[in-house]
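Whatever position you read off the sequence shown (first residue = 1), add 823 for the numbering used here.
Quick reminder that beta carbons are idealized off the backbone N, C-alpha and C, glycines included.
Data first, discussion second: the structure below is written as structure tokens.
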Amino acid sequence: MWKDKDFFEWCDEYDKRSQSLKLMYQFKRMYERNEMCDFIIKSSDGKEFHVHKLMICASIPYFYSFKDFANNCNKNENTVTLDMFSSETIELILNYVYNGKIEYHKDTVSDIVCAADYLQMESLKNEAIEKLLMLGDKSTLFNEKVVFCIESSITKYKEAQKFYGENFFEFSEKESFYLLGIESLISILDKDYLNVPNEEFVFNSAMKWIHYDYQNRKQYILTVFSILRIAYLDNSFIFDKILTEPTIINIGEIRDKINKYFRIFSEKSLGNKHLSKFSSERSSYQLKCLVYNKYFSKNAISIAIKTFDQKCDKWVSHSSVFFEKIDCVLGIKYNNKVYFFRFIDVVSYSSGVILDMDNHSTKRVSFSDSRNGRVMEQFNDKIFTIGGVNNKEENKNLVECYSFRDNNVASLEPIPNNVRRAASVIFNNNIYIIGGKLNDQAIPNVQKYSICRDSWYEIDKMNYPRWNASAIVYNNRIFVIGGDGLESKLNSCEVYDVELGVWSDIPDMPYKRAGASLSIKKDFLYVVGGFGEEPNKIMKYNLLQSTWHDGPLLEDSMLRYFAI
């Protein structure tokens, strides 16, 4: 077949552009009227499409590759069944052939990708892949059939690398992950934006990929190891996992790289500056905060996105979004997640505003009753509000759900113990209400609300009563940090093993803190802001070594920081 360049040169030389369009239009009209059609394509559901053999031959390389296809006039050879494709998919492909364009829909674009791949229609396949990535549907892009079709294109599409990199934590657990070739795998793993909890996860995922087809993939061990950010591997992992793996340590280049790292590490053992000399930090390892500034101006609020750069030992501002100043801000929506303001409401409210950074807009959310001290959690497109009290100290057990989609509020099963100012997390379709205040006393109680069943369950109590605490989920465990106790703010912390149903103490924080924002990055739990001792100092807890360390300082303790 001709190359695009040759075709355009031919059109220019003979001024055939308008004539070629006329010919295309004539073929289109003949196809629509079923005129002079000499070939039949059948779909999997038996529908017949009458087409022009030469048109199909010229447009679909799959048919052109058949020897003597265009000249074969045998009646039995003028029908083909594409039993792997539905009539809807074939119709879309033929519309593309005769019209030069195609209408993409979420439900059909993956079928078009697979059909274009099978029929060797590279231009259509690339066009459909771009649309597929634009839609960004995980269930489709994680599908084995789709990954098989687009695998060879991942290395040339930055959008594909970005999608699978940003969703790598989920993708690496899918069977389709093992369909990647080495070039596609490396193009994903070597990116700074790779979204993983730690570098150990990168190593383990890569080794799983290698062992899936060990005999054919063992040759790539050095290639995989070369893109690891070795400076961000825990030393115990290097000694216990890597240096004990014969297939790895017997490779001289790997031994040399590890030795070089430890030489640099020993020379620069103080601080983190040695990291920058050996390997760059992935974005997912950096502490990131939304910084809410209600003092920006008389009429405006600013929200800045900032990360802490360990190499430079400073906060780096990436962008800012501005909103008109408004009363009663409930939370900030960023990357489809709402970060709620907690423990700062001193008056009751029945409605408030979500500041949507994704769409640069605001959304008012209304509830049936005015109250303060309520717990708020987001689950998909819904906001749950639990407990709290109104000005008359009534309806303390109220539970409601606001739907963004329907813009309405529904009442749910009341919470049994009328709690307010509790901590909360969502895990496995359950909302955990942790501690809180009851009759002006801190309590250790923990209750679990099943979103699917609209039911409440009492679970094991904490070791210490606390309210205004902070909580976060990590590796099937719920970490509860600080809060207010019976007499003062707390520096005690504990963790709940969801599978075992057991609470355990972890070391106390260096400072007493309540109402802090929490985030986990690269095996460190960060405690940001809040109220209590040294609120401008960030504390970080090493999840592997169970030790507390000082983190960076907040630039302005007057502003509100949301760790994300």
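Just curious, the alpha helix (DSSP H) that residue i is in, first and last residue?
| i | result |
| --- | --- |
| residue 932 | 932-941 |
| residue 1372 | Counting along the chain, residue 1372 falls outside any alpha helix (DSSP H), though it belongs to the beta strand (DSSP E) covering 1370-1376. |
| residue 873 | Counting along the chain, residue 873 falls outside any alpha helix (DSSP H), though it belongs to the beta strand (DSSP E) covering 871-874. |
| residue 1024 | 1022-1035 |
| residue 954 | 945-958 |
| residue 862 | Run containing residue 862: none in the alpha helix (DSSP H); it sits in the beta strand (DSSP E), 862-866. |
| residue 1048 | 1044-1049 |
| residue 1017 | Counting along the chain, residue 1017 falls outside any alpha helix (DSSP H), and DSSP gives it neither H nor E. |
| residue 886 | 884-887 |
| residue 1007 | 1005-1012 |
Buried or exposed, going by whether 16 or more other CB atoms sit within 10 Å of the CB of residue i?
| i | result |
| --- | --- |
| residue 1010 | buried |
| residue 904 | exposed |
| residue 1135 | exposed |
| residue 897 | At residue 897 the pLDDT is 48, less than 50, meaning the model places this residue with poor confidence and gives no usable figure here. |
| residue 1372 | exposed |
| residue 895 | Note that residue 895 scores a pLDDT of 48, beneath 50, so its modelled location is shaky and nothing firm can be said. |
| residue 893 | With a pLDDT of 48 at residue 893, under the threshold of 50, the predicted position of this residue should be treated as unreliable, and no value is reported. |
| residue 1367 | exposed |
| residue 1094 | For residue 1094, the predicted model reports a pLDDT of 47, less than 50, meaning its position is unreliable; a value from the coordinates is still stated below. Under this definition residue 1094 is an exposed residue. |
| residue 1083 | exposed |
| residue 1229 | exposed |
| residue 1332 | buried |
| residue 1158 | exposed |
| residue 1325 | exposed |
| residue 1127 | buried |
| residue 1313 | buried |
| residue 880 | buried |
| residue 1363 | buried |
| residue 1233 | exposed |
| residue 826 | Its pLDDT being 49, under 50, residue 826 is placed unreliably in this model, and the value from its coordinates should be taken loosely. It is exposed - the Cβ of residue 826 has fewer than 16 other Cβ atoms within 10 Å. |
| residue 1323 | exposed |
| residue 1196 | buried |
| residue 1370 | exposed |
Could you pull the start and end residues of the beta strand (DSSP E) that residue i belongs to?
| i | result |
| --- | --- |
| residue 1348 | 1347-1351 |
| residue 912 | Per DSSP, residue 912 belongs to no beta strand (DSSP E); it is in the alpha helix (DSSP H), 910-922. |
| residue 1130 | 1123-1132 |
| residue 1340 | 1340-1344 |
| residue 1383 | 1383-1386 |
| residue 1362 | 1360-1365 |
| residue 1145 | 1137-1147 |
| residue 1072 | Premise fails: residue 1072 lies in the alpha helix (DSSP H), 1069-1072, not in any beta strand (DSSP E). |
| residue 1254 | 1253-1257 |
| residue 1113 | 1111-1116 |
| residue 1157 | 1152-1157 |
| residue 1162 | 1160-1163 |
| residue 903 | 902-905 |
Please determine, among the options, the residue with the shortest C-alpha to C-alpha distance to residue i.
| i | options | result |
| --- | --- | --- |
| residue 1138 | 1377, 1251, 844 and 860 | 1377 |
| residue 1319 | 1283, 1310, 1308 and 1353 | 1283 |
| residue 1409 | 941, 927 and 1115 | Absent from the structure is residue 1409, since the part of the chain shown begins at 824 and ends at 1387. |
| residue 1047 | 1059, 1264, 1077 and 1345 | 1077 |
| residue 1185 | 1202, 1172 and 1161 | 1161 |
| residue 1210 | 945, 1383, 1270 and 1036 | 1270 |
| residue 1241 | 1221, 972 and 1164 | 1221 |
| residue 1044 | 1060, 1232, 996 and 1026 | 1026 |
| residue 1254 | 1263, 1345 and 1200 | 1200 |
| residue 972 | 1173, 942 and 1268 | 942 |
| residue 1180 | 1249, 1000 and 1155 | 1155 |
| residue 1391 | 1020, 991 and 947 | The chain is shown only over 824 to 1387; residue 1391 falls outside these bounds and no answer can be derived. |
| residue 1036 | 1124, 1143, 1001 and 1118 | 1001 |
| residue 1262 | 1316, 851, 1187 and 1219 | 1219 |
| residue 876 | 901, 855 and 858 | 901 |
| residue 1192 | 1208, 1020, 1079 and 1256 | 1208 |
| residue 1249 | 1206, 1243 and 964 | 1206 |
| residue 1384 | 1113, 965 and 968 | 1113 |
| residue 860 | 849, 1150 and 873 | 873 |
| residue 1176 | 1152, 858 and 1198 | 1152 |
| residue 947 | 970, 915, 1121 and 1224 | 915 |
| residue 1052 | 1068, 1067, 1034 and 1014 | 1014 |
| residue 931 | 923, 920 and 910 | 910 |
| residue 1353 | 1173, 1124, 1338 and 1344 | 1338 |
Is the region 980-993 touching the region 956-967, taking contact as three or more C-beta pairs under 8 angstroms? Result yes; three or more Cβ-Cβ pairs closer than 8 angstroms.
Pairs of beta-carbons, one from the region 1228-1240 and one from the region 1305-1316, closer than 8 angstroms: are there three or more? Cβ pair count under 8 angstroms is below three, so no.
Which complete alpha helix (DSSP H) runs does the region 964-1001 hold, if anything under 4 residues is left out? The region 964-1001 is shown to contain whole alpha helix (DSSP H) runs of 4 or more residues at 967-973, 981-989 and 991-994, in chain order.
Runs of beta strand (DSSP E) lying entirely within the region 1180-1248, each at least 3 residues, in chain order: Every beta strand (DSSP E) of 3 residues or more that sits fully in the region 1180-1248 is shown, in chain order, as 1184-1194, 1198-1202, 1205-1209, 1222-1226 and 1231-1234.
Count Cβ pairs between the region 859-868 and the region 922-935 that sit closer than 8 angstroms; are there 3 or more? No, they do not touch.
Using 8 angstroms as the threshold, is the region 1068-1077 in touch with the region 1108-1127, meaning 3 or more CB pairs across them? A contact is defined here as three or more CB-CB pairs under 8 angstroms, and the region 1068-1077 fails this definition with respect to the region 1108-1127.
Run through the region 1269-1329 for me and flag every whole beta strand (DSSP E) of 3 or more residues, listed as ranges in chain order. Listed in chain order, they are 1269-1273, 1278-1282, 1293-1297, 1300-1307, 1312-1320 and 1325-1329.
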